[in-house]
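Asker: If you use full-length UniProt numbering, the sequence shown closes out at 248, no skipped numbers anywhere. Every residue gets a Cβ at the ideal spot worked out from N, C-alpha and C, and that includes glycine. Have a look at the structure that comes next, please.
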Amino acid sequence: MTYGTADLGDEGAGPKSTLASTVYHQLRDDLLRGVLETESKLRVEWVVSRYGAGASPVREALNRLASEGLLGRHDQRGFFLMPVSAEELEELTRTRCWLEERALRESIAHRTAEWEEQLVLALHRLARAPRRLPEQPSSNNSDWEKLHRAFHRALIAACRSHWLIGFCDQLSDQASRYRLMSQVSPSIERDDLAEHRLIAERTLDGDADGAVEALLSHYRLTATMCIERFAQDAEAKAGPGKASRGRK
């Protein structure tokens, strides 16, 4: 059995590739990178124009993304981007911590030399990739995003449950929509690479409690930084007059 650092974006590659799967992957990447405006409608005609595909494959791609929870769908009114909120993020983070704690503990309990090698390799590749490109400092490097996803997948790849890995993947997708927000929190400094190294070191040492603590702290810090951004945005929308009246 081989464990998990394969290219997570290769579904639909090769002879089985279809135009619908191409649109699906392009649109999915844009959703996860925060390229599209939150809560905006996604009209089929607009998606056809943006991604250069026909209406039929576009609808197939949109339906697939809606089934995964990355898009919302109104009966007879089309698709829309799912809103983001502090409440949703808190629930998402809590659930992700529950599931990934179990997955990580199971992986450590059923470790193999092959799994350890894959984890070391995933960390090495992540460490060599810049998180942001000089020409695009406000958004993450797409290569870093793939390697980051591969690292977190490698951590839990030996848990012996493809169902659990699949649920963790879905939560990872949802969490990635919030990750860009955590980059602009001015009051909290973090060292991403040091956090990932600590998680990997404790995992490879077989320290399940320590590895879980490091992993969950990693997720919770991201959530805290995102929620701070929500508060900043709310204060900015309220305006200085409303903010000052609220202090009386």
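1) According to the Cβ coordinates, are L99 and C168 closer than 7 Å?
2) Beta carbon of residue 250, beta carbon of L36: below 7 Å?
3) Report the three-state DSSP secondary structure of L36 (helix, strand or coil).
4) Nearest CA to the CA of L221: which residue from H196, N140, A66 and R190?
5) Starting from the N-terminal side, write out each stretch of the beta strand (DSSP E) that is 3 residues or longer and does not extend beyond the segment 78 to 116.
6) When the Cα atoms are used, what is the spatial distance from R106 to E45?
7) Below 8 Å on the Cβ atoms is my guess for C97 versus Y219; work out the distance and round it to an integer in Å.
8) Quick test of the definition: if touching needs 3 or more C-beta pairs under 8 Å, does the segment 22 to 30 touch the segment 48 to 68?
9) Looking at A103 and L164, is the spacing between their C-beta atoms short of 7 Å?
10) Which of helix, strand or coil does DSSP assign to N141?
Answerer: According to the structure data:
1) yes
2) The chain is shown from 1 up to 248; residue 250 falls before or after that span and cannot be answered.
3) coil
4) R190
5) 78 to 81
6) This sequence places Glu at residue 106; Arg is not what is there. Looking at the two C-alpha atoms, the distance is approximately 46 Å.
7) 6 Å
8) yes
9) yes
10) coil
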